[in-house]
Structure formats: C-alpha cells, structure tokens
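Residue numbers (our numbering): 5 to 355.
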Amino acid sequence: MEVFASEAIDWPALRRIRAGFLQGTVPGVYWDTVKLLEDYDHTLGERIGWKWDAVLRELRLRGWAPPVGPVVDWGCGTGVAARRFLGGLGRPACTRLWVWDHSAAAVAFAEERIRAANPGLVVESGLPAGEAMERPVVLLSHVLGELDRSGEAALEPLLAEATAVVWVEGGSHELSRRLIGWRERLRERFRVVAPCTHEAACGLCHEGMERHWCHHFARPPTEAFTRPEWGVFAREMGVDLRALPFSFLVLDRRRPDPDHDPARGGVRILGRPSLFKGYARMLACAEDGVAERELQQRSDRRSWRQLRKPSGPALYHWELEADGRVKRMQPALRDEDSAEADGVEDVGRGE
5 MEVFASEAID WPALRRIRAG FLQGTVPGVY WDTVKLLEDY DHTLGERIGW
55 KWDAVLRELR LRGWAPPVGP VVDWGCGTGV AARRFLGGLG RPACTRLWVW
105 DHSAAAVAFA EERIRAANPG LVVESGLPAG EAMERPVVLL SHVLGELDRS
155 GEAALEPLLA EATAVVWVEG GSHELSRRLI GWRERLRERF RVVAPCTHEA
205 ACGLCHEGME RHWCHHFARP PTEAFTRPEW GVFAREMGVD LRALPFSFLV
255 LDRRRPDPDH DPARGGVRIL GRPSLFKGYA RMLACAEDGV AERELQQRSD
305 RRSWRQLRKP SGPALYHWEL EADGRVKRMQ PALRDEDSAE ADGVEDVGRG
355 E
C-alpha cells in the first residue's frame, strides 16, 4: 500500500466525484486532470483495490486460475483492477493487456501505472479487434453505476468473445441485482465460478426474494487503521473504513474438474448474519435456492464464533436438522491470509 500525503489531496473534488458515483450523476468524461486521477488512485481507488484483493484471494482458495492469453480492462479508470489482477493472480497467464476508458487521460494514467508495476508486459490502449481479440479475460470494475441500457449493450460484443470474466461492483441492492441479471444472461455460455457454489439459476430471482441481494464484505488491511492518512480520509469522505461491501461475478468458458473447487456443493451466506442472544439467522444460497437458516449457539459454538468474527469468505458445508435449522457447519475454505484481521468487524449495508 502506497503512503499518500493527506494534506495534498483535493478532498472537495473527491467528495464531488464520489457523490456522483453513488447518485448515478457523474458526467460522461469526469477524469479531467492528472491530479484528480492521482488523488482518486491513492484513496477511493485503493479502497476498490481491497475489494479486488478479497475476490482474488477467494479465487485462489477455490483453485481457480485465469486462462493464458490477453486481458482487457474495460472502463479502466486508474487501472486499479488490472494492477490488482496482475499482482494477485493473473500475471503469469497474461500475454498482453488492453486498457479502455472513455477518458483518454485515464487510459494514459492506467497504462503508465500498469507498466511501472509490470515491466516487460505489453500494454495497449483501446480494445482488441479481429485476431487480436484472442478470447480475452475481461476485467470489469465498478462500471454498472455509469451504464444505461445502451452502455450495457456495448459490453455484449466483448463478453461474447471472452474466455473468462472477473467483474467487481459495489455492494448496493441495485448494483447486485443488475449483476445478477448479467449472471442469468451469461450462465448458458459460461461456467459460474463465483460467488456461487453452483451453476443453477440464481435463487434470488425467485418470487418473494426481491428485497434481498447478493453482497459480501471485504476486510481492509491493517494499515487502514494504523496509518494517519487513512484516518484523515475517513473523516474527510465520511467513510467508515470497516465497511467494505461489494458484489462480484466470475465466469469461465472452460470446464475443469469441479472437484478442484472445495466450495462446490456448499452454501454461501449473503451479507452478514443477524446475531441474537443464543442464536444467529442468516440468508444462505445453495443449489436448491436461497433460504433463511438459523444456528443455535449451543449446537455449534465454534461456528457461532466464526460467524461473529469471520476470517474468510462466507462459504460453508453444513448439516441441517429435520426442521431446517443448522446442526453443524464447516468452512469450505481456510483463508490464512485474513486471520490477522479477526478483530475488525464488518459493518455497513453497501455502496
């Protein structure tokens, strides 16, 4: 994590652009200065990077690796998605990287940062065409909030050529629901890798599930709570650093052995469990649908503690009682890297 000088950041400009993102009112080309790109990359962009770190960590734990070939970062912004992807999972497989954004300033900034972090990698601006397309891995990061129907339609040709898609969005109800729509449109052509533990139709599309959404929480690094510049960021931006909600979707045309994924056939807890005295309620997604489940503390005290302070992705294998309550549960994955953050609670609803 890079250190930044909080006194040099143009906080009013960052507040304006963040408000526009959250309200869906950002103008077409908003990256108008290198200063804005730099300030965003150090702060809000880094926070997006933490979400990418969580997604890539889960993919590693689930045994997924990207196919060898080109990578396209569509709507690249400052290039944080490509840099995180290359640094966390994709550099050995990436033969060439394309970056595209409606802002030429953003493309130039992203190219420079990516090349600096990945010497020797061929980085090009724009979108590949013809033979250069070569079935790329497509990266999408926080783009849905800026796309209307015509904007989403512009994605179709690129996704039609993709070998794999890694897509990360904010954790709001609206964005998650739109991402679910893409999952349902694309799942006939792709294998659903994550966040799901199955490839069946999304249970949240069923009648009566409209108020729920598929969102998760990433853990910020320890430095976010120990470095003074991040305290200034939290105050200036009105952001709770503990709250890092996101939604994501990973698709792959390849059909590897499903036994490679230890979470297959398991369940995923959506959002955060509701903890009460002596029991917890959680919304759980599995191949047979989405249902509210209850775990009594006395039934499985160890799992109860894990629900209070999760240390990795909320993926489990469990056994149910005859009445549908959870009898016992076992984490599907063991995330050693996040154990150090056990003292940080997940809070917030999504943004």
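Every residue, glycine too, gets a C-beta built ideally from N, C-alpha and C.
Look at residue i and residue j and say whether their C-beta atoms are less than 8 Å apart.
| i | j | result |
| --- | --- | --- |
| R66 | A267 | yes |
| W78 | L144 | yes |
| V76 | L162 | yes |
| T167 | V141 | yes |
| L125 | L101 | yes |
| A97 | A120 | no |
| S129 | V103 | yes |
| A58 | A222 | yes |
| R329 | E296 | no |
| C200 | R272 | yes |
| H146 | I13 | no |
Name the residue from the options whose alpha carbon lies nearest to the alpha carbon of residue i.
| i | options | result |
| --- | --- | --- |
| E160 | L287, G174, R189 and R181 | R189 |
| H220 | A120, M137 and M286 | M286 |
| E62 | E323, E325 and D265 | D265 |
| L41 | E115, L60, G155 and V271 | E115 |
| G269 | L255, A288, A284 and S278 | A288 |
| E50 | L324, W234, G316 and E323 | W234 |
| R22 | N122, A284, R259 and G242 | G242 |
| D80 | F113, R95, P71 and M137 | Looking at the sequence shown, residue 80 is not Asp but Cys. C80 has its Cα closest to that of F113, out of F113, R95, P71 and M137. |
If we ignore side chains and look at the alpha-carbon of each, how far apart do residue i and residue j end up?
| i | j | result |
| --- | --- | --- |
| R139 | G73 | 7 Å |
| H210 | D36 | 43 Å |
| P224 | E6 | 14 Å |
| G207 | E214 | 10 Å |
| F194 | G185 | 14 Å |
| D152 | L253 | 19 Å |
| A17 | A164 | 37 Å |
| H202 | A290 | 7 Å |
| Y320 | L93 | 23 Å |
| D43 | G134 | 36 Å |
| E325 | F280 | 20 Å |
| R19 | D45 | 14 Å |
| M333 | E323 | 6 Å |
| L248 | A204 | 28 Å |
| R217 | R276 | In the sequence under discussion, the amino acid at residue 217 is Trp, which differs from the Arg named in the question. W217 and R276: Cα-Cα distance of roughly 11 Å. |
| E192 | S278 | 34 Å |
| Q300 | G24 | 43 Å |
| P90 | A284 | This sequence places Leu at residue 90; Pro is not what is there. One C-alpha to the other measures close to 38 Å. |
| F8 | V294 | 43 Å |
Applying the 10 Å Cβ sphere with the 16-neighbour rule, what's the burial state of residue i?
| i | result |
| --- | --- |
| A108 | exposed |
| R117 | buried |
| Q310 | buried |
| S176 | buried |
| R88 | buried |
| T99 | exposed |
| G282 | exposed |
| D292 | exposed |
| S307 | buried |
| A336 | buried |
| A228 | buried |
| T82 | buried |
| A363 | With the chain represented from 5 up to 355, any question about residue 363 goes unanswered, as that position is not in the structure. |
| K331 | exposed |
| V111 | buried |
| E312 | The sequence given here places Arg at residue 312; Glu does not occur at that position. Exposed, since its Cβ has fewer than 16 Cβ neighbours within 10 Å. |
| R259 | exposed |
Please return the same chain residues whose Cβ sits closer than 6 Å to the Cβ of residue i, not counting the five positions on each side in sequence.
| i | result |
| --- | --- |
| E240 | W15 |
| R257 | T167 and F194 |
| T47 | F237 |
| R302 | none |
Suppose the cutoff is 7 Å on Cβ atoms and the five residues either side in sequence are ignored; what does the same chain contact list for residue i look like?
| i | result |
| --- | --- |
| L179 | L148, G149, E173 and S251 |
| V236 | S10 |
Spatial neighbours of residue i within its chain, please: C-beta separation below 8 Å, excluding the five flanking residues on both sides.
| i | result |
| --- | --- |
| A238 | D244 and L245 |
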